[in-house]
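Going line by line, the protein sequences match chains A and B.
In this text, residue positions in the first sequence follow numbering that gives the first Met the number 0: the first is 0, and each later residue adds one.
In this text, residue positions in the second sequence follow numbering that gives the first Met the number 0: the first is 0, and each later residue adds one.
Even for Gly, the Cβ is constructed at its ideal location relative to N, Cα and C.
Model, not experiment: these values are computed from the prediction.
Below: the structure, in structure tokens.
2 protein chains.
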Amino acid sequence: MSYSENSKTALKETQSNPAKNLSLSSAEKIKALRRKSKDINQIANGILNGNKADLSQAITLIESQSKRHAEDIKTLISACLPYSNASLRIGITGVPGVGKSTLIEKLGLLLVDKGHRVAVLAVDPSSSITKGSILGDKTRMEKLVQHPKAYIRPTASGESLGGVARKTRESILLCEAAGFDIILVETVGVGQSETAVHSMTDFFLLLKLSGAGDELQGIKRGIIEMADAIIINKADGENIKAAKKAKVEFNRALHMYPPKTNGWIPKVKLASALNNNGIDKVWEMLSSYFSKVKQTGYFEEKRASQNKFWLTHTIEDALKRSFYQNETIKIEFPKVLEQLQNQNISPFEAAEYLLKKAKD
Amino acid sequence: MSYSENSKTALKETQSNPAKNLSLSSAEKIKALRRKSKDINQIANGILNGNKADLSQAITLIESQSKRHAEDIKTLISACLPYSNASLRIGITGVPGVGKSTLIEKLGLLLVDKGHRVAVLAVDPSSSITKGSILGDKTRMEKLVQHPKAYIRPTASGESLGGVARKTRESILLCEAAGFDIILVETVGVGQSETAVHSMTDFFLLLKLSGAGDELQGIKRGIIEMADAIIINKADGENIKAAKKAKVEFNRALHMYPPKTNGWIPKVKLASALNNNGIDKVWEMLSSYFSKVKQTGYFEEKRASQNKFWLTHTIEDALKRSFYQNETIKIEFPKVLEQLQNQNISPFEAAEYLLKKAKD
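Take a look at the structure:
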């Protein structure tokens, strides 16, 4: 399969916003609009033809926080949406040092060998702490990054989780429109990034290490329940015995937990990404999961519920932001909180008071 | 310790709302206000003197959904708030049939014997399904219900979780003001009741049964991570062996999970509530937990964060309700959702569209 086979030409006429250029003369306006439209249409067409440079430029637009790109981004998303959704989205998490990059490179190489196109994205809402630690060093995926069927994009970062999540999710759509049929989304494992990635992928992989008695170091509560599979990495050399023991224990632990809504029981696998051991088994498991959930309809169901989740999440986030950023609330909230903690008011009465204040 | 030792007399003058009786003559208004004030002040005084009949009447007021009681409830809560907060709040959950009522009765009797005053409340946001199954049959706590130092209140139910949570939380405050120093809050284990009870108690007990291979039947994902302790009940007779095995397995499973923020590692205990076995050990564990967290300050910290949780939860709930009940949104939301599921629009753009519509 080549890029040209993936090309789509039915790019809709894009809508421009004439109100944007009011300070220019009519002739200039028309010219500006044409130029802009052409540029953004070119990029969109490039994406649909699988052009990685256009894809990168588009993701850069999405990552820009500038309002003047809002219309362009809408145009891009509208053009790409009809061609998105046809991929397997796999979330990958684990604490730093667990070997995420190595595993992603090995899994990615296996997949491109099988004819897939693989895009690797990353979510890192707290870049200040971890800057550069996630995908920053592309040399850690030296072979994959050079492969024509792979696309690796360093992290969208540096602001709120909601913002990063949106950017990542929109980047996924663009990658899919560009013909990438497997999307690996790495999370740095801090903040709420796992929850976000879990809510935008079809399968959630947790990487762990065995041994040293601190299997849980850095893992947050709730993450294990999100995992569809746990991969115990670095199961090689002296680690093998401890890894096998950890596998038994995790299997037992997972068995004590209620099954997932789709009936899937999370699997525990051993791997040594460094030695390229066990990666094929990981893919076997993923394939078998996907063929199962596609058959039962759960795959589509989950995508639909994720769409609805991001719709309501975005709405509710905006409602909250607008409430807490209200000038009166900014002044009143700390006062009310103090009254609450001094037991002068109940939380419910305090809430009623603030809600009334916001309306006044 | 007798009720009179617990009496509090410093009941503040209650504020009445004169705007409420505009249709009456001035003389009638004053009379009505006096009568109402006197009644509600009497009830509040009764509560502060540990009178169970007054407590029941007050909780009935809280449970009423009638708007005309809103002022009375505010008066009650204001009067009781300064005397609340001085109890241990223990949440208890488990599927029907696990023996919650029996365990609560035995634990309650142990506690009143030790000189404590024990109040038992219940949360059941889905009364339509489970009506009558929770505390409905007071005869299941025959001895405790008759004890002068115990107070058992059947469930607040029949509406939204938010409403039930508020009522339960306000009832807790009143019970505390009435001198009950241990509050047991039972949840029926359906809907989101566990999350609510977990967010209003200091310690969360999960009751389970062993054996029959279906330890997990009816338990929802996430509940086990909430538990501060798991009690395997009905560990008697033929069940003992299976119960001991379950204890080992749960301990192992819990060990695979990250520790709680306060460093507490959830305990697993065996009990036979029916035979009154192991209940003393449960109380020993609770005591040791409470003395530890009171020493470290975590007890107060958690209470403060729960207060803030209910404040923001109530605010955000109201914001959402007002958005989704907006007449335009009621019409537009299903349309937009369809567009979303047909991939004609991204969730983020859909959200922006609806947020704009709500403002128009």
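Quick one: what's got a C-beta closer than 7 Å to residue i's C-beta in the same chain, skipping five residues either side?
{"i": "B/VAL281", "result": "LEU106, ILE230, LYS268 and ALA270"}
{"i": "B/ILE76", "result": "GLU169 and LEU172"}
{"i": "B/HIS197", "result": "GLY90, PHE203 and MET225"}
{"i": "B/ILE72", "result": "LEU60 and ILE61"}
{"i": "A/HIS68", "result": "LEU60"}
{"i": "A/ASN341", "result": "none"}
{"i": "A/GLY212", "result": "Reliability fails at A/GLY212, whose pLDDT of 49 lies under 50, so the model's placement of it is uncertain and no value is given."}
{"i": "B/ILE58", "result": "ARG152, SER170 and LEU173"}
Below 7 Å between beta carbons: does that hold for residue i and residue j?
{"i": "B/ALA176", "j": "B/TYR82", "result": "yes"}
{"i": "A/ALA195", "j": "A/VAL111", "result": "no"}
{"i": "B/THR313", "j": "A/ALA350", "result": "yes"}
{"i": "B/ILE46", "j": "B/GLU169", "result": "no"}
{"i": "B/CYS79", "j": "B/LEU172", "result": "yes"}
{"i": "A/LEU102", "j": "A/ALA272", "result": "yes"}
{"i": "A/LYS356", "j": "A/THR311", "result": "no"}
{"i": "A/ARG116", "j": "A/LYS148", "result": "yes"}
{"i": "B/LEU108", "j": "B/LEU143", "result": "yes"}
{"i": "A/ASN275", "j": "A/ASP235", "result": "no"}
{"i": "B/GLN56", "j": "B/ILE42", "result": "yes"}
{"i": "B/ALA118", "j": "B/PHE179", "result": "yes"}
{"i": "B/PRO346", "j": "A/TRP309", "result": "yes"}
{"i": "A/ARG139", "j": "A/SER100", "result": "yes"}
{"i": "B/TYR288", "j": "B/ASN261", "result": "no"}
{"i": "B/THR368", "j": "B/GLU193", "result": "Chain B is shown from 0 up to 359; residue 368 of chain B falls before or after that span and cannot be answered."}
{"i": "A/LEU339", "j": "B/ASN48", "result": "no"}
Would you list the residues sitting across from residue i in a DSSP beta bridge?
{"i": "B/TYR150", "result": "B/ALA118"}
{"i": "A/ILE230", "result": "A/LEU206 and A/LYS268"}
{"i": "B/ASN250", "result": "Beta-bridge pairing links B/ASN250 to no other residue."}
{"i": "A/ASN276", "result": "A/SER271"}
Could you please give the first and the last residue of the uninterrupted alpha helix (DSSP H) stretch that includes residue i?
{"i": "A/PHE298", "result": "297-323"}
{"i": "B/GLY359", "result": "The residue you asked about is not Gly; residue 359 of chain B is Asp in the sequence shown. Per DSSP, B/ASP359 belongs to no alpha helix (DSSP H) and is neither H nor E."}
{"i": "A/ARG336", "result": "For clarity, residue 336 of chain A is Leu in the given sequence; the question names Arg instead. Taken as a continuous stretch (DSSP letters only), the alpha helix (DSSP H) holding A/LEU336 covers 326-340."}
{"i": "B/MET225", "result": "222-225"}
{"i": "B/VAL196", "result": "192-197"}
{"i": "B/GLY107", "result": "99-112"}
{"i": "B/LYS66", "result": "No alpha helix (DSSP H) holds B/LYS66; DSSP gives it neither H nor E."}
{"i": "B/GLU237", "result": "Element bounds for B/GLU237: n/a, residue is neither H nor E."}
{"i": "B/LYS142", "result": "141-145"}
For residue i, which residues in the same chain have their Cβ closer than 8 Å to its Cβ, ignoring the five residues on either side in sequence?
{"i": "B/SER22", "result": "Unreliable placement is indicated for B/SER22, whose pLDDT of 48 sits below 50; the coordinate value is still reported in the next sentence. For B/SER22, where only same-chain residues beyond five positions count, there are no Cβ hits under 8 Å."}
{"i": "B/VAL335", "result": "ILE344, ALA349, TYR352 and LEU353"}
{"i": "B/LEU54", "result": "GLY45, ILE46, TYR150, LEU173, CYS174 and ALA177"}
{"i": "B/GLU141", "result": "GLU104"}
{"i": "B/GLY131", "result": "Confidence at B/GLY131 is low in this model, with a pLDDT of 42, below 50, so the placement of that residue is unreliable and no value is reported for it."}
{"i": "B/LEU87", "result": "ASP180, ILE181, ILE182, ASP201, PHE202, LEU285 and PHE289"}
{"i": "A/ILE278", "result": "LEU102, LYS105, LEU106, LEU109, ALA270 and ALA272"}
{"i": "A/TYR2", "result": "Note that A/TYR2 scores 38 on pLDDT, short of 50, meaning its location in the model is unreliable and no value can be drawn from it."}
Quick one: measure Cβ to Cβ for residue i and residue j, integer angstroms, because I've assumed they're closer than 8 Å.
{"i": "A/ILE223", "j": "A/ILE89", "result": "With a Cβ gap of about 18 Å, A/ILE223 and A/ILE89 do not count as contacting."}
{"i": "B/LYS319", "j": "A/GLU315", "result": "6 Å"}
{"i": "B/GLY98", "j": "B/LYS233", "result": "6 Å"}
Can you give me the Cβ contacts of residue i inside the same chain, cut-off strictly under 6 Å, excluding the 5 residues immediately before and after it?
{"i": "A/LYS266", "result": "ALA228 and MET284"}
{"i": "B/ALA252", "result": "none"}
{"i": "A/HIS146", "result": "VAL111"}
{"i": "A/LYS11", "result": "Below a pLDDT of 50, predicted positions are generally treated as unreliable, and A/LYS11, at 36, falls in that range; no measurement from the model is reported."}
{"i": "B/MET199", "result": "ARG168"}
{"i": "A/ALA164", "result": "ALA195"}
Between which two residues does the beta strand (DSSP E) carrying residue i extend?
{"i": "A/ILE182", "result": "181-186"}
{"i": "A/ILE89", "result": "87-92"}
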